Amino acid sequence: MKRILITGANGQIGSELVGYLRENYEVIASDVNLSNCSEPKEELNVLDKQRLLDICQKHEADTLIHLAAILSVKAEQNVPLAWDINMQGLINALEVAKELKLQFFSPSSIGVFSSESPRDNTPYLTPMRPNTIYGITKLAGELLCDYYY
């Protein structure tokens, strides 16, 4: 059975995705705050690359879904923290996935577009001009994922 580690499991997407995937897969939830997560779960700050590596090895994960991020409002209040979590956290996840040869997924966001971008049937080659630090990190994250994979 597939073993999936999800970072940011207690967040906006993770809190829904964990339960859905657990219907068919073994899912390990990880987050800095696990108050709403059921077992199996592991406390994890994505800035701790060694801990992420250890958790993946301990649970013999074959897939890493990286959702951990600081979202728009909180990100605007602390840009350096948002950059660290969103970018260094992603780099750590990509490095661990590469080292352990894991399948990897990290979603992008509508935040990569600007307010001038078409909202319906957005063309693939739409210019991306994010106007928040969250959007900027998600766009940079897309490029990092392309680089690694």
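Here the sequence shown is numbered in the working numbering, starting from 1173 and rising by one per residue.
Just so it is clear, CB atoms sit at the ideal spot from N, CA and C, and this is done for glycine as well.
Given the structure is predicted, the values throughout are model-derived calculations rather than measurements.
Beta bridge pairing from DSSP links S1202 with T1179, E1214. Contiguous beta strand (DSSP E) elements confined to the segment 1211-1284 occur at 1213-1215, 1235-1238, 1275-1277, taking only those with 3 or more residues. Taking every protein chain shown into account, the CB of D1203 has 16 or more other CB atoms within 10 angstroms, so this residue is buried. Nearest to D1256 by alpha-carbon distance, out of G1313, F1285, V1284, Y1321, is G1313. Apart from sequence neighbours up to five positions away, the residues of its chain that approach Q1275 with a beta-carbon distance below 8 Å are D1234, T1235, L1236, A1269, ordered along the chain. For I1227, same chain residues with a beta-carbon under 8 Å away, outside a window of 5 residues either side, are L1177, I1200, S1202, E1214, L1216, A1233 in chain order.
Inclusion of L1239 and Y1306 in the CB contact set at 8 Å is not warranted, their separation being larger than that value. For S1286, no alpha helix (DSSP H) run applies, since DSSP gives it neither H nor E. Taken through DSSP and simplified to helix, strand or coil, I1185 comes out as coil. Taking all protein chains shown into account, S1281 has 16 or more neighbouring C-beta atoms within 10 Å of its C-beta and is therefore buried. Comparing C-alpha distances from L1253 to each of Q1229, V1218, L1224 shows the shortest one belongs to V1218. For Y1321, the closest of G1283, N1258, I1263 by C-alpha to C-alpha distance is I1263.
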